[in-house]
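Step one of this worksheet: look at the structure below.
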Amino acid sequence: MTQLVLPMEAAPSFAAADFVADASNEEALRWLSAPGFGSGGRWPDGRLVLAGPPGTGKTHLLHATAQAQGWALLRGPALRGLPEAPIRGVALDEADLPGEETALLHLMNACAEARLPLLMAAPRPPSRWRIQLADLRSRLAATAVALLDEPSDALLEALLAKHLADRQMQLDAGLLGTLRQRLPRRAAVMAEAVARLDRASLTAGRRLTRGAALAVLAPLFDDGSETSPPGPVPRSPALL
Numbered sequence: 075m076t077q078l079v080l081p082m083e084a085a086p087s088f089a090a091a092d093f094v095a096d097a098s099n100e101e102a103l104r105w106l107s108a109p110g111f112g113s114g115g116r117w118p119d120g121r122l123v124l125a126g127p128p129g130t131g132k133t134h135l136l137h138a139t140a141q142a143q144g145w146a147l148l149r150g151p152a153l154r155g156l157p158e159a160p161i162r163g164v165a166l167d168e169a170d171l172p173g174e175e176t177a178l179l180h181l182m183n184a185c186a187e188a189r190l191p192l193l194m195a196a197p198r199p200p201s202r203w204r205i206q207l208a209d210l211r212s213r214l215a216a217t218a219v220a221l222l223d224e225p226s227d228a229l230l231e232a233l234l235a236k237h238l239a240d241r242q243m244q245l246d247a248g249l250l251g252t253l254r255q256r257l258p259r260r261a262a263v264m265a266e267a268v269a270r271l272d273r274a275s276l277t278a279g280r281r282l283t284r285g286a287a288l289a290v291l292a293p294l295f296d297d298g299s300e301t302s303p304p305g306p307v308p309r310s311p312a313l314l
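Right under this line is the structure:
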């Protein structure tokens with residue numbers, strides 16, 4: 075009988091102490107060391123976009139900064155109509171996907187008029203967002219951008235260990251070696267691999283054999299061993 079697996083995703087931790095500094099995120103950390111307007115803030119017009127592939131830490135940094143600074147935390151797809159006038163800084167995740175472009179423009183203008191910082195995060199820099207509103211494109215073009223790259227091998231190792239620890243999983247040395255050798259060296263893929271192993275183990279109700287684990291991971295391997303085309307790799311909430 076197949077064991078029913080109920081969704082029990084743990085809330086991701088975005089604590090600043092859990093963020094691992096690396097050459098791949100050095101530029102973002104440098105920009106975030108002096109956020110916003112005034113008091114040493116050095117963002118042009120008080121705005122900054124964190125841009126990088128899934129799993130590179132932009133959402134983690136956005137949440138950690140918002141928590142440390144006491145800023146409001148918003149999501150781009152939820153922006154509609156005329157947003158309330160901000161009374162503090164704003165951190166906007168998924169900024170490249172505004173529910174309404176006019177709402178994002180209003181938010182940017184309101185923050186500028188009140189001299190409040192606006193921190194945004196997206197997978198791509200603003201120049202690659204699909205924005206139709208000319209005024210919004212102009213504002214975004216004048217916004218500073220901090221790029222996050224794919225993690226170094228050392229950081230990928232740390233992230234893999236963290237994902238395993240978060241799910242209280244232990245893998246034998248041979249399977250760990252396979253993950254290191256055959257998975258694409260991208261943070262989001264590492265996170266998805268651990269999640270797939272965890273779900274499969276829960277479904278089976280026991281620790282997976284090596285063969286079963288390899289079958290679960292095959293669609294993610296980048297060495298041509300997959301038996302079916304790989305699907306899109308979901309964003310890892312703990313590392314976006």
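When you read off a place in the sequence shown, starting at 1, and then add 74, the result is the number in this note's numbering.
Positions of the beta carbon are idealized from the N, C-alpha and C atoms, including for glycine.
Note that the coordinates shown come from a computational prediction; the quantities given were computed from them, not determined experimentally.
Taking just the CA atoms, how far does residue j sit from residue i?
{"i": "L253", "j": "C185", "result": "45 Å"}
{"i": "A95", "j": "H180", "result": "34 Å"}
{"i": "A188", "j": "A269", "result": "43 Å"}
{"i": "A232", "j": "V263", "result": "14 Å"}
{"i": "Q143", "j": "R104", "result": "16 Å"}
{"i": "L229", "j": "D223", "result": "12 Å"}
{"i": "L122", "j": "P258", "result": "30 Å"}
{"i": "L151", "j": "L221", "result": "Before going further, note that residue 151 is Pro rather than Leu in the sequence given. Whole-angstrom Cα-Cα distance: 22 Å."}
{"i": "R202", "j": "L153", "result": "20 Å"}
{"i": "L178", "j": "A196", "result": "14 Å"}
{"i": "A90", "j": "G173", "result": "29 Å"}
{"i": "D240", "j": "D272", "result": "11 Å"}
{"i": "V307", "j": "G110", "result": "For V307, the pLDDT reaches just 40, beneath the cut-off of 50, and the residue's location in the model is therefore unreliable, leaving the point undetermined."}
Got a sec? Which residues, its chain only, sit under 8 Å from residue i by beta carbon, not counting five neighbours each side?
{"i": "A274", "result": "L282, A286, A287, V290"}
{"i": "W145", "result": "T139, R162, G163, V164, A165, P191, L193"}
{"i": "T76", "result": "Here T76 scores only 44 on pLDDT, less than 50, and its place in the model should not be relied on; the value that follows carries that caveat. The answer, listed in chain order, is T277."}
Does the Cβ-Cβ distance between residue i and residue j come in under 8 Å?
{"i": "T130", "j": "P225", "result": "yes"}
{"i": "W117", "j": "A247", "result": "no"}
{"i": "M243", "j": "R213", "result": "no"}
{"i": "D170", "j": "R198", "result": "yes"}
{"i": "L261", "j": "L294", "result": "Rather than Leu, the amino acid found at residue 261 in this sequence is Ala. Contact flag unset, no."}
{"i": "L249", "j": "R284", "result": "yes"}
{"i": "I205", "j": "E168", "result": "no"}
{"i": "A208", "j": "D119", "result": "no"}
Any idea what DSSP makes of residue i, helix, strand or coil?
{"i": "M264", "result": "helix"}
{"i": "L153", "result": "coil"}
{"i": "A218", "result": "strand"}
{"i": "M243", "result": "coil"}
{"i": "D167", "result": "strand"}
{"i": "A287", "result": "helix"}
{"i": "L190", "result": "coil"}
{"i": "A195", "result": "strand"}
{"i": "R256", "result": "helix"}
{"i": "A125", "result": "strand"}
{"i": "L147", "result": "strand"}
{"i": "G110", "result": "coil"}
{"i": "E175", "result": "helix"}
{"i": "S226", "result": "coil"}
{"i": "T130", "result": "coil"}
{"i": "A89", "result": "coil"}
{"i": "L250", "result": "helix"}
{"i": "R162", "result": "coil"}
{"i": "Q141", "result": "helix"}
{"i": "W203", "result": "coil"}
Can you find the residues in the same chain that come closer than 7 Å, C-beta to C-beta, to residue i, ignoring five residues on each side of it along the sequence?
{"i": "L357", "result": "In the structure as shown, the chain begins at 75 and stops at 314. Residue 357 is therefore absent and cannot be evaluated."}
Near residue i, what residues of its chain come up, given a Cβ to Cβ distance below 6 Å and the 5 sequence neighbours on each side ignored?
{"i": "N99", "result": "G131, L222"}
{"i": "Q255", "result": "none"}
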